[in-house]
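All residue numbers for the sequence shown refer to this note's numbering, where the first residue is 149 and numbers rise by one. Beta carbons: idealized from backbone N, C-alpha and C, even for Gly.
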Amino acid sequence: MYKISKTRYCKGIQCPKMLWLDEHKPELAENVLNETVMANGNKVGELARGYFGDYALVSLNDDKKAMTDETQRYMDEGRDNIAEASFTYDGLYCAVDILHRDGEGWDIVEVKSSTKVAAIYIDDMAFQYYVLTKHGVNVKKIYNLHIDTEYVRKGELDLKGLLKLEDCSNAVKDKFNEIEKNVEYIRTYMEASEEPDKDIGCYCENPYMCAYYKYCRRHLPEHSVFDIARMKTEKKYELYHGGIVSYQDIANNPKKVSKNQMLQVKSVLNNECDKYDAAEIQKFLATLSYPIYHLDFETFQMAVPEFDDCRPYQQIPFQYSLHIEHKDGSLEHREFLAKEGQDPRRELAESLVGDIPAGACSLAYNMKFEKSVLKNLAEIFPDLSGRLMDIHDNMRDLMLPFQKRDYYSAAMNGSYSIKYVLPALWPGDPELDYHNLDGVHNGMEASAAFASMTEHTPDEIAAIRANLLKYCGLDTYAMVKVLWKLRSVCPSTNSPTKP
Ligand code: SF4
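Below you can see the structure in the form of structure tokens.
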């Protein structure tokens, strides 16, 4: 009989074919796990065990019987809190994050590093409630214990403030009768000898990105409805299931998409050259003044704030790169990278206001993010607030001409993210190719690298720091090149046009 844990049950709820592939073709799975999310999850899970006070921890063991026996022993001994409390019933197995004594019965407490209760957590808890009830445990309440984003750390960590206990008993108990049917369905699916013929759907990316996402899409053409920019996922699947799959299908059904989406499709189908509106680009360029301070921050987030005046998941800036572009085309580079293991914000803010003079024109790509970082810094450092808000107020957004489609290239594939814009403007330029970098190739890798630095040796730290500096430096150099390209299509401009 196919054995089902709570993880497998939740996967089966999302799409049972995932479980079948896990069992029969695991080599096709891609790594879709986010290391930072996992590290945050583990940290919150371990801390939360102490939420109700002292606890007994059931030792991890491949032998589930040993784990259930240990759990029973703790229950019989009169322990009030048992972490990883394990139970089995009819081939089903679950470990409860915290089993908390409640009078004559017990409460199930499921710990999550998220900030709210997602629908899949209710299924997860319902599975646990079913297994425990069938096992003979008197379950009274079922809670979800998750992060409270209102919490601001001041001194010692306050677990009761960081974590929020949400009673999910009614929603969970309502699902009790579904479990048996779902388990039966999953088992039938798993026992199939042939790969199940299940088409793709929203469930491929919700609630979790499936590891077989690419494998199950191998039948799609090179350009498909799933590449259309700024279209809701639900709509993409709706068109796909309605037979509108390729760009040609979309071109044949113009009423199904917006004007900009059709522009994306036509530019690819007709292999169109870059299009631009020089007058509009000129207007944007006229909003800039020299020297231009091309700025980019790198940040990281912690579920459990380690510093004072810090909320869970707040973006903490730890690095910036600044390319200063003068009117004669010359470039200067400044940068800051915090020391690992300490609050980087004060030092970073002081360095930044030292590098950017009052009233200077700064430029960011998608400035919403840089502005929010500056605003947060200004709030916690009132003495630097005026200077930080001056940078904030004098910032311009390099994304604007692409967002407004004043410059559009088929290679941007409908997107105005720098990830698409840069290679579209400078195709094949090796100095702008992030693949050529070592270790850190994107913002997510930069955050993970910085957050984990304290776990490394001095030599490894030196290598990580070098990688981070190269990565962030390329971000602002890329902005310089993007701006040069914009100037190059405005012949009237008397600003530098060449790298
Ligand atoms: S990609 Fe979609 S269809 Fe394929 S296994 Fe995953 S969820 Fe199921």
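Excluding its 5 nearest sequence neighbours in each direction, Gln-412 has C-beta neighbours in its own chain below 7 Å: Ile-376, Ala-377, Asn-561 and Gly-562, listed in chain order.
Here Phe-448 is bridged, per DSSP, to Ile-464. Taking a contact as a CB-CB distance under 8 Å, the pair Lys-282 and Asp-250 does not count as one, their CB atoms being some 19 Å apart. Under a 10 Å Cβ-count criterion, Cys-316 is classified as buried, with 16 or more other Cβ atoms of the shown protein chains found around its own Cβ.
Distance from the C-beta of Met-166 to the nearest heavy atom of the ligand SF4 is below 6 Å. Counting along the chain, Asp-545 sits inside the beta strand (DSSP E) bounded by residues 543–545. Rounded to whole angstroms, the Cβ separation of Lys-629 and Leu-585 is 16 Å, and the two are not in contact under 8 Å. Bounds of the beta strand (DSSP E) holding Val-259 are 253–259.
Between the ligand SF4 and the CB of Cys-350, the shortest heavy atom gap is not smaller than 6 Å.
Scanning Met-547, Tyr-361 and Leu-176 for the CA closest to the CA of Ala-512 turns up Met-547. When DSSP states are grouped into helix, strand and coil, Asp-607 belongs to the helix group. Rounded to whole angstroms, the gap between the alpha carbons of Lys-312 and Ala-231 is 18 Å. For a cut-off of 8 Å, the C-beta gap from Ala-597 to Ile-612 is around 5 Å, short enough to register as a contact. Remark: C-beta atoms of His-248 and Val-259 do not approach each other more closely than 7 Å. When rounded, the separation of the alpha-carbon atoms in Val-244 and Thr-236 is 11 Å. Distance from the CA atom of Gln-449 to the CA atom of Ala-599, rounded to whole angstroms, is 8 Å. Runs of alpha helix (DSSP H) with 4 or more residues, each lying fully within the region 309–381, are found at 317–322 and 324–338, listed in chain order.
Taking 6 Å as the cut-off, the C-beta of Tyr-424 does not count as close to any heavy atom of the ligand SF4. Short of 8 Å from the beta carbon of Asp-296, and not among the five residues preceding or following it, lie these beta carbons of its own chain, in chain order: Thr-263, Gly-309, Leu-310, Leu-311, Lys-312 and Pro-460. Taking a 10 Å sphere around the C-beta of Tyr-385, we find 16 or more other C-beta atoms and assign the residue as buried. Counting along the chain, Leu-511 sits inside no alpha helix (DSSP H); it lies in the beta strand (DSSP E) bounded by residues 509–512. Per DSSP, reduced to three states, the secondary structure at Lys-487 is coil, with no helix or strand assignment. Here the alpha carbons of Tyr-360 and Lys-173 stand approximately 10 Å from one another.
In this structure, the straight-line span from the alpha carbon of Ala-526 to that of Ala-187 is close to 29 Å. Residue burial is scored here from C-beta neighbours: Glu-225 has fewer than 16 other C-beta atoms within 10 angstroms and is therefore classed as exposed. In this structure, the C-beta of Tyr-568 stays at least 6 Å away from each heavy atom of the ligand SF4. Leaving aside the five residues that flank Ala-558 on each side, the residues in its chain whose CB is nearer than 6 Å to its CB run, in chain order, Ser-415, Val-416 and Glu-420. Secondary structure in the region 204–248: the alpha helix (DSSP H) runs of 4 residues or longer, each lying completely within the stretch, are 212–225 in chain order.
Taking non-hydrogen atoms of the ligand SF4 into account, the C-beta of Lys-260 is found less than 6 Å away from none of them. The region 474–487 makes contact with the region 616–631, as at least three CB pairs between them are under 8 Å. The three-state reading of DSSP puts Arg-553 in coil, since its state is none of H, G, I, E or B. DSSP places Leu-293 in the uninterrupted beta strand (DSSP E) bounded by 287–295. The beta carbon of Val-192 sits closer than 6 Å to those of Ser-261 and Ala-451, all from its chain and outside the five residues before and after it, given in chain order. Judged by DSSP in its simplified three-state form, Tyr-441 adopts strand. At the C-beta level, Met-338 and Leu-167 come within 7 Å of one another. By the criterion of at least three beta-carbon pairs nearer than 8 Å, the region 566–574 is not in contact with the region 530–538.
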